[in-house]
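Under the working numbering, the first residue of the sequence shown is numbered 12, with each subsequent residue one higher.
Every residue gets a Cβ at the ideal spot worked out from N, C-alpha and C, and that includes glycine.
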Amino acid sequence: MKNSKFTSLFLLGAIILISSCKDDSNNTGDPSTEGSTPLSAFDEFNPDAVTISFDSDEITIESNGLPNHTSPYWAETEPLYIDPVVATRLTPGGIGSRSITVTVPSAPEIAASTTATGLGAIGISVTGVPIFNDQEGDNRPIEEMIVETFDYAGAHNGPSGYHYHVESSDVPENTVLSHDDEKLVGILSDGFLIYGRKCNSTGDNPIDLDVSGGHNTSTQHSEGDDFYHYHIINEYYLGSIIALFAVDLQGTPNNIM
Ligand SMILES: [Zn+2]
Ligand SMILES: [Zn+2]
Numbered sequence: 012m013k014n015s016k017f018t019s020l021f022l023l024g025a026i027i028l029i030s031s032c033k034d035d036s037n038n039t040g041d042p043s044t045e046g047s048t049p050l051s052a053f054d055e056f057n058p059d060a061v062t063i064s065f066d067s068d069e070i071t072i073e074s075n076g077l078p079n080h081t082s083p084y085w086a087e088t089e090p091l092y093i094d095p096v097v098a099t100r101l102t103p104g105g106i107g108s109r110s111i112t113v114t115v116p117s118a119p120e121i122a123a124s125t126t127a128t129g130l131g132a133i134g135i136s137v138t139g140v141p142i143f144n145d146q147e148g149d150n151r152p153i154e155e156m157i158v159e160t161f162d163y164a165g166a167h168n169g170p171s172g173y174h175y176h177v178e179s180s181d182v183p184e185n186t187v188l189s190h191d192d193e194k195l196v197g198i199l200s201d202g203f204l205i206y207g208r209k210c211n212s213t214g215d216n217p218i219d220l221d222v223s224g225g226h227n228t229s230t231q232h233s234e235g236d237d238f239y240h241y242h243i244i245n246e247y248y249l250g251s252i253i254a255l256f257a258v259d260l261q262g263t264p265n266n267i268m
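Shown next as structure tokens:
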């Protein structure tokens, strides 16, 4: 009995120690305010494609993948079809309805180590289209031949459907998507939001980003509260294109199904 009591006390001490260390290392202060994703950000999501469900400590984002903008990847009979504006060649197939779902914590945390992203969806954009990284296949980064197939939205079609890889083009047809501004781009699989190249906290391209393009400041959605979020990193990836997210996640990824 004495032993088990001692063990309990020891464990309690260890838990307190771990808790206080964790608070210090994250340096985020009160997690109930600064660590939570501002819920008003979800008003930015395309309501025709995306359904958001709030649980006490989780948020589920479900999309049918159909964007609220024009593209040559729509079928020609669809109202949002346009002839290509920037793409010089199209990948086979087109925009079609499907189901993309991810559940993330409402107060995501920085993990002890970063995680590389994989092929397939790494996040869901405000339009409902999945966000992909800078890879087009195993060990095949985006190259000139792939860039040719991107529409002005920075997207093309693949075996799993229509998806974004890069920042949208600054063309008159583009009325929805972020281009070197502070618009919300979407949410990544670790639950952190990703914004355009500029930050509302300064109105400019941030210069205090970590290796993942993240920092802890306010945005237009947080009423002055600081919280961790990513930005599109303001660097050319290939030619004049800018990857949406070609770095590692700072949080713990959740499955996008
Ligand atoms: Zn692709
Ligand atoms: Zn920011």
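Starting from Ile135, trace the beta strand (DSSP E) in both directions and tell me its first and last residue. What you label residue 135 is simply residue 124 of the sequence shown in a count that begins at 1. Run containing Ile135: 134-136, per the beta strand (DSSP E) assignment.
Any idea what DSSP makes of Ala60, helix, strand or coil? Along the sequence shown, read from residue 1 onward, the residue named residue 60 stands at position 49. Coil, per DSSP.
So within the segment 223-248, which uninterrupted beta strand (DSSP E) runs reach at least 3 residues, ignoring any that extend past its ends? The qualifying runs are 225-228, 238-242.
heavy atom of ligand 1 below 7 angstroms from Gly169 C-beta: Mapped onto the sequence shown, residue 169 falls at position 158. At least one heavy atom of ligand 1 lies less than 7 angstroms from the C-beta of Gly169.
May I ask you to check if the CB of Pro217 is nearer than 7 angstroms to at least one heavy atom of ligand 2? Sequence index remark: in the sequence shown, residue 217 carries index 206 (1-based). For ligand 2, a non-hydrogen atom lies closer than 7 angstroms to the CB of Pro217.
Quick check: the segment 145-157 against the segment 202-220, are at least 3 beta-carbon pairs closer than 8 angstroms? Result no; under three Cβ-Cβ pairs closer than 8 angstroms.
beta-carbon Thr228 near ligand 2 non-hydrogen atom, thresh 7 angstroms: Counted from its first residue, the sequence shown places residue 228 at position 217. Thr228 Cβ: within cutoff of ligand 2.
Counted within 10 angstroms of its Cβ, other Cβ atoms place Ser64 as buried (16 or more) or exposed: Locating residue 64 in the sequence shown gives position 53, where the first residue counts as 1. That one is exposed.
Do Val140 and Ile252 have their C-beta atoms closer together than 8 angstroms? Start at 1 with the first residue of the sequence shown, and residue 140 comes out as number 129. Start at 1 with the first residue of the sequence shown, and residue 252 comes out as number 241. Ile252 sits away from Val140, with the two beta carbons spaced by 8 angstroms or more.
Cβ of His232 versus every heavy atom of ligand 1: is any distance shorter than 7 angstroms? Along the sequence shown, read from residue 1 onward, the residue named residue 232 stands at position 221. Not so, every heavy atom of ligand 1 lies at least 7 angstroms from the Cβ.
Where does Leu204 fall in DSSP's three states? Taking the first residue of the sequence shown as position 1, residue 204 is located at position 193. Strand.
So, using beta-carbon positions, are Pro78 and Ala98 closer together than 8 angstroms? Within the sequence shown, the letter at position 67 stands for residue 78. Within the sequence shown, the letter at position 87 stands for residue 98. The Cβ-Cβ distance between Pro78 and Ala98 does not fall below 8 angstroms.
Any heavy atom of ligand 1 inside 7 angstroms of the beta-carbon of Phe143? For the purposes of this step, residue 143 is identified with residue 132 of the sequence shown, where counting begins at 1. Proximity of the beta carbon of Phe143 to ligand 1 is indicated: a heavy atom of the ligand is located closer than 7 angstroms.
Reference Pro152, options Glu246, Phe53, His176, closest by Cα: Here residue 152 is taken as the residue at index 141 of the sequence shown, counted from 1. Nearest C-alpha to Pro152: His176.
Between which two residues does the beta strand (DSSP E) holding Val115 run? In the sequence shown, the residue the question calls residue 115 occupies position 104. Its beta strand (DSSP E) spans residues 111-116.
Could you have a look at Leu50 and say whether DSSP puts it in helix, strand or coil? To locate residue 50, count along the sequence shown from 1; it is residue 39. Three-state DSSP puts Leu50 in a helix.
Put Val196 into one of helix, strand or coil per three-state DSSP. As a first step, residue 196 must be located in the sequence shown, where it is residue number 185. Shown here, Val196 sits in a strand according to DSSP, grouped into three states.
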